[in-house]
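Each residue of the sequence shown is one higher than the one before, starting from -11 at the first, in this note's numbering.
Below is one structure; the comments refer to it alone.
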Amino acid sequence: MIKNKDKKLNLGIVGGGAKSWIGHVHRIASRFDDQYQIVAGVFSRDTKLSIKFGVSIGISKDRCYSNFKEMADKESKRNDGINVVSIMTPPASHQIIAEAFIDKNINIISDKPFAGNIEQAKKLYKKIKSNKKIKYVLTHNYSAYPMVREAKMLVEKGKIGKIEYVNVEYVQDWSGGNTITTKNMKKELKWKIDKNIVGTSAVLNEIGTHAYHLATYISGLKGKSIFADIKQISKKIKMDDNAQVMINFANGAKGMLWTSVMARGGVYGLRVRVFGTKGSLEWVQNDPGYLRHNPAKGAVRLLERGFHNAEFSKNFSRIKFGHPEGYLDAFANIYKEFASSLKNKTKKRYFYPNEDEGFETAKFINACKISSKQKKWVKI
Ligand SMILES: NC(=O)c1ccc[n+]([C@@H]2O[C@H](COP(=O)([O-])OP(=O)(O)OC[C@H]3O[C@@H](n4cnc5c(N)ncnc54)[C@H](O)[C@@H]3O)[C@@H](O)[C@H]2O)c1
């Protein structure tokens, strides 16, 4: 619990160095609502690069560390040490890094996946649950779009009835327009082809996890069992690049998930549809300010972020309807809610993804690997 609610939270960063993909997104998201100040970090495994980058973004040299253990140790001993650490390193390192900070009672913001594999996920989940002094949030950022939350609320209020089907797809194209071969794979795909770094499955750990989380987040349903077919479309390299998964939800609803990183021209194709006894909802990431509501009877309704027909979404919007908001804003919603939950002991409900949701995604991915190998239904 943070004592001085008027002060910004001291934030430390692990990963997200100069050339990283997601680093600047986290930094911008943390600054959106003036709730955090970035005061410490380790931005690379190379000490020189880490310090050079840290200093370039305004961190004092003595708080640019050589490794995460040193950072956790030294920051926990300072009076003005970090309250929160943001972890944005590749997947298989999330668990070990998070644990070092949990041991020092430092709150965690982690990028997905929850952990690299199921063994890591179990350990991390146990560790989080065993320390009542810390809070944990997972940046499944798509769940923080205003119209995704509007959808979640409509489902909770029973506006589409009892959920019967969920259909979600998240497809990308990692080829960059090239044919990936053994020659160019390292340049094009970097650590994503290394199982020791990407974890259980490249496609499922990198984007399938978002799709599964989104399906369960909006529908409020828990996955019960799955049948997965993980096939490699590209024959030239060894990497899970495509997965089709049938899902049985605990309430009897059925689900279908398709995720691919080699869907040519599939530029951030994230789409979710939830069908209930009274109608359906559809949200597409490329047009995030709108939610399509198809009642079983009557005209289709297009709900707009921040508008009078989507009241709940106003809680997560920063600018007026009609003006576009997007990816950075949704990411910032997670940072904003987490700051509020650290500073306030109220019973207020927060909508950010936590360790329970993270552990569910890890169990899902593990079940998919087993199912695909054994060609049978597997319990999650
Ligand atoms: N939520 C999202 O929308 C989203 C989008 C992209 C990536 N991600 C996730 O973010 C994570 C990072 O992905 P990326 O694409 O930015 O990777 P990246 O390779 O572009 O960047 C990784 C950064 O971490 C640093 N790093 C690696 N190991 C480190 C360590 N032990 N200590 C300190 N720094 C270290 C590297 O130097 C680099 O700067 C992954 O888990 C990925 O799944 C999430």
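Heads up, the beta-carbon is just placed ideally off N, CA and C, and yes, glycines get one too.
beta-carbon residue i near ligand 1 non-hydrogen atom, thresh 6 Å
i	result
Asp22	no
Trp162	no
Arg33	yes
Glu313	no
Asp99	yes
Glu194	yes
Pro79	yes
Val260	no
Trp9	yes
Gly5	yes
Val2	yes
Thr127	yes
Val255	no
Val186	no
Met371	The question about residue 371 has no answer here: the residues shown for the chain are numbered -11 through 368.
Val191	no
Val30	yes
Continuous alpha helix (DSSP H) stretch holding residue i: start and end
i	result
Tyr113	106 to 118
Glu270	No alpha helix (DSSP H) holds Glu270; the beta strand (DSSP E) holding it covers 267 to 272.
Gln362	343 to 362
His296	Looking at the DSSP string, His296 is not in any alpha helix (DSSP H), and its letter there is neither H nor E.
Lys324	315 to 331
Cβ-based burial, residue i [other Cβ within 10 Å; buried from 16]
i	result
Ala287	exposed
Trp9	exposed
Asp228	buried
Gly267	buried
Lys36	exposed
Tyr323	buried
Val255	exposed
Gly11	buried
Lys373	Past the edges of the chain, shown from -11 to 368, lies residue 373, and the structure says nothing about it.
Asn193	buried
Thr127	buried
Thr204	buried
Asp34	exposed
Arg337	exposed
Leu291	buried
Thr170	exposed
Arg66	exposed
Gln23	buried
Asn(-8)	exposed
Ala397	What is shown of the chain runs -11 to 368, which leaves residue 397 out entirely.
Asp369	Coverage of the chain is limited to positions -11 through 368, which leaves residue 369 absent and any answer about it impossible.
Gln83	buried
Ile186	Checking the displayed sequence, the identity of residue 186 turns out to be Val instead of Ile. Classification for Val186: buried.
For residue i, the first and last residue of its enclosing beta strand (DSSP E)
i	result
Val156	151 to 159
Lys242	242 to 248
Leu291	289 to 292
Tyr200	Taken as a continuous stretch (DSSP letters only), Tyr200 belongs to no beta strand (DSSP E), being part of the alpha helix (DSSP H) at 197 to 207.
Ile368	Ile368 -> no beta strand (DSSP E), and no H or E assigned at all.
Val233	230 to 237
Ile213	Position check: residue 213 holds Ser in this sequence, whereas Ile was assumed. First-last of the beta strand (DSSP E) with Ser213: 211 to 219.
Phe263	257 to 264
Tyr278	278 to 283
Leu(-1)	-3 to 3
Any chain B beta carbon closer than 7 Å to residue i
i	result
Val136	The displayed structure is made up of one protein chain only, and chain B is not part of it.
Quick one: any contact between the stretch 340 to 358 and the stretch 138 to 153, if contact means 3 or more CB pairs under 8 Å?
Under the 8 Å Cβ criterion, the stretch 340 to 358 does not count as touching the stretch 138 to 153, having fewer than three qualifying pairs.
Does the structure place the stretch 206 to 219 close enough to the stretch 343 to 354 that three or more beta carbon pairs sit under 8 Å?
Proximity of the stretch 343 to 354 to the stretch 206 to 219 meets the contact definition, three or more beta-carbon pairs being nearer than 8 Å.
Just to confirm the assignment: which complete alpha helix (DSSP H) runs, minimum length 4, are found wholly within the stretch 9 to 48?
If we require 4 residues or more, the alpha helix (DSSP H) runs fully inside the stretch 9 to 48 come out as 11 to 19, 35 to 44.
Quick test of the definition: if touching needs 3 or more C-beta pairs under 8 Å, does the stretch 145 to 152 touch the stretch 119 to 136?
Touching, no, given that fewer than three Cβ pairs across the two stretches are closer than 8 Å.
Could I get the ranges of all uninterrupted alpha helix (DSSP H) runs contained in the stretch 163 to 189, with 4 residues as the minimum, in chain order?
Entirely contained in the stretch 163 to 189, the alpha helix (DSSP H) runs reaching 4 residues are, in chain order, 173 to 177, 183 to 186.
Quick test of the definition: if touching needs 3 or more C-beta pairs under 8 Å, does the stretch 22 to 36 touch the stretch 103 to 123?
Fewer than three beta-carbon pairs drawn from the stretch 22 to 36 and the stretch 103 to 123 are found closer than 8 Å, and the two stretches are therefore not classed as touching.
Any chance you could list the alpha helix (DSSP H) runs of at least 4 consecutive residues sitting entirely within the stretch 55 to 140, in chain order?
Within the stretch 55 to 140, the complete alpha helix (DSSP H) segments of 4 residues or longer fall at 56 to 65, 82 to 90, 106 to 118, listed in chain order.
Between the stretch 53 to 61 and the stretch 80 to 92, do three or more beta carbon pairs fall short of 8 Å?
At 8 Å Cβ cutoff, the stretches touch.
Are the stretch 228 to 239 and the stretch 260 to 280 touching by the rule of at least three beta carbon pairs closer than 8 Å?
These segments do not touch.
Below 8 Å, how does it come out for the stretch 301 to 312 and the stretch 12 to 19: are there three or more Cβ pairs, yes or no?
At 8 Å Cβ cutoff, the stretches do not touch.
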